[in-house]
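Residue numbers (our numbering): -14 to 328. In what follows, a single structure is set out as structure tokens and then discussed.
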Amino acid sequence: MALNLRRQFPVTVWNRNGAKCTPLIEAGAKATKTPSEVVEKSDVIFTMLFDGKAIQSMIDNEPDNGFMRAIRGKTLINTSSVPVAFSHKLAQQVQGAGGKFVEMPVSGSKGPAEQGQLVGMMAGDPEVAEQIRPVVEPITTAAIYCGPIGSGLKAKYSINLFLVSVTTGLAESVNLARAQGLDLDAFGQVLNSCPLASAYSKIKIAKILNGDWTPQAAIKDCYNSTELIKSAAQGVQVQTPLIQILPFHIRAKGIALLIGGTSFFSQFVKLVGPKKLGWRYHIVYCIWHCVVLTTVFFVFPETKSPSLEEISEVFEKLSESPSEKMFETTNIECVEHQRSEKE
-14 MALNLRRQFP
-4 VTVWNRNGAK
6 CTPLIEAGAK
16 ATKTPSEVVE
26 KSDVIFTMLF
36 DGKAIQSMID
46 NEPDNGFMRA
56 IRGKTLINTS
66 SVPVAFSHKL
76 AQQVQGAGGK
86 FVEMPVSGSK
96 GPAEQGQLVG
106 MMAGDPEVAE
116 QIRPVVEPIT
126 TAAIYCGPIG
136 SGLKAKYSIN
146 LFLVSVTTGL
156 AESVNLARAQ
166 GLDLDAFGQV
176 LNSCPLASAY
186 SKIKIAKILN
196 GDWTPQAAIK
206 DCYNSTELIK
216 SAAQGVQVQT
226 PLIQILPFHI
236 RAKGIALLIG
246 GTSFFSQFVK
256 LVGPKKLGWR
266 YHIVYCIWHC
276 VVLTTVFFVF
286 PETKSPSLEE
296 ISEVFEKLSE
306 SPSEKMFETT
316 NIECVEHQRS
326 EKE
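Here's what the structure looks like:
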């Protein structure tokens, strides 16, 4: 983004990792030691950080409230994906200090960002949004005004939910085609020729067929985006079965592993006999459960906090299956998904 801005404007940059500024400096940008210096030397300031905590930390760590003191008469454009509540808070901080604020999360991964083909979702004062259009043109193919503060982020959450659905569907369809023995090149041609094809699917199917697994986004960013979607959906009581399946499935696997460990120990006791073990039986029993629980929580961290309802539903599902199939986690269906279908 900064490189594309540099092609049309003087750019001053700051990054906590100074080495990341090197390509920008080579392109003619000026690097500063603090965020406050960027604000002082700029009319329009872009923030693109991991989350709201990172943004607030950047602001709070500046001595003498330097960041906000320098923002008077300037415009801050936040392109980071953050909760709506934080965006309102940031807007109040900036406007309270005499600055202007525009919320503009962007849609697009590494490739579109490098090519200046991001889609911006602007929110805030419509007049300010219009004023900054010339500045955001080098990094976007479209900058769409969505409404008051929070609207841009709400659009981003919704777009990302669609992205998750398309990506998951594409991966599963290729996996099914491969498992059925289809010619994947032919399958790719069919997919690219049918009405379902999109610019995104064409890029991704080419990468899949070529075995190109080069990351286009950091996994922690993807996780952060998914959490924002889940939080937004819960806030308006909307079901999102697809992104609810994986966490539940992982918890179910952990519970199944715990049951498996306990079952193994029970078989061991039957063979050895509690009478032979005596008081050692109780010690070994406790130690074994501690080992199993620790292993489950380490391998599957999500198992630390399943709800009682989820646990009871998993046990109910397991009890419906023959004991020999107890540990086939593919038999454990997502109860949340089933519930949404019934509704």
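A virtual CB, placed ideally from N, CA and C, is assigned to each residue, including glycine.
First and last residue of the uninterrupted alpha helix (DSSP H) at residue i
i     : result
M53   : 51 to 55
I44   : 37 to 45
A140  : 136 to 164
T211  : 204 to 220
E112  : 111 to 116
R(-9) : -13 to -9
P20   : 20 to 25
Rounded distance between the beta-carbons of residue j and residue i, thought under 8 Å
i    : j    : result
G83  : I56  : 7 Å
Y142 : L61  : Not quite, the Cβ-Cβ distance comes to about 21 Å (not below 8 Å), so this is no contact.
A128 : R118 : 6 Å
T125 : G109 : Between G109 and T125 the Cβ distance is about 16 Å, and since that is not below 8 Å, they are no contact.
S186 : S66  : That pair is no contact at about 23 Å.
Start and end residues, beta strand (DSSP E) containing residue i
i    : result
L169 : Segment 169 to 178 is the alpha helix (DSSP H) holding L169; no beta strand (DSSP E) there.
L61  : 60 to 63
G132 : 125 to 132
Exposed unless 16 or more other CB atoms sit within 10 angstroms - verdict on residue i
i      : result
C179   : exposed
T288   : Summary for T288: the model assigns pLDDT 47, below 50, so the residue's position carries little reliability, and this model does not support an answer.
I44    : buried
N(-11) : buried
K18    : exposed
S329   : This structure cannot speak to residue 329, because the chain is shown only from -14 to 328.
L75    : buried
L181   : exposed
V221   : exposed
M(-14) : buried
G96    : exposed
A4     : exposed
Y63    : Contrary to the premise, residue 63 reads as Asn rather than Tyr in this sequence. So N63 ends up on the buried side.
K205   : exposed
E328   : Summary for E328: the model assigns pLDDT 40, below 50, so the residue's position carries little reliability; its value from the coordinates is reported in the next sentence. Result: exposed.
V223   : exposed
I30    : buried
Residues bridged to residue i (per DSSP)
i    : result
S92  : V104
K15  : T(-3)
A182 : In the DSSP output, where bridge partners are listed per residue, A182 has none listed.
I30  : L61
K85  : T60
T7   : Per DSSP, none; premise fails for T7.
Closer than 7 Å: residue i CB and nearest the ligand MG heavy atom
i    : result
G166 : Summarising the ligand content, the structure contains no ligands, and the ligand MG is consequently not present.
How about the segment 139 to 149 and the segment 212 to 230: do they share at least three Cβ pairs that are nearer than 8 Å? Result yes; three or more Cβ-Cβ pairs closer than 8 Å.
Evaluate the contact criterion for the segment 63 to 74 versus the segment 152 to 169: three or more CB pairs, one atom per stretch, below 8 Å. The segment 63 to 74 is not in contact with the segment 152 to 169.
Between the segment 126 to 146 and the segment 83 to 93, do at least 3 Cβ pairs fall closer than 8 Å? Taking a contact to require three or more Cβ pairs closer than 8 Å, the segment 126 to 146 and the segment 83 to 93 qualify as touching.
Are the segment -6 to 1 and the segment 17 to 34 touching, with three or more C-beta to C-beta distances below 8 Å? At 8 Å Cβ cutoff, the stretches touch.
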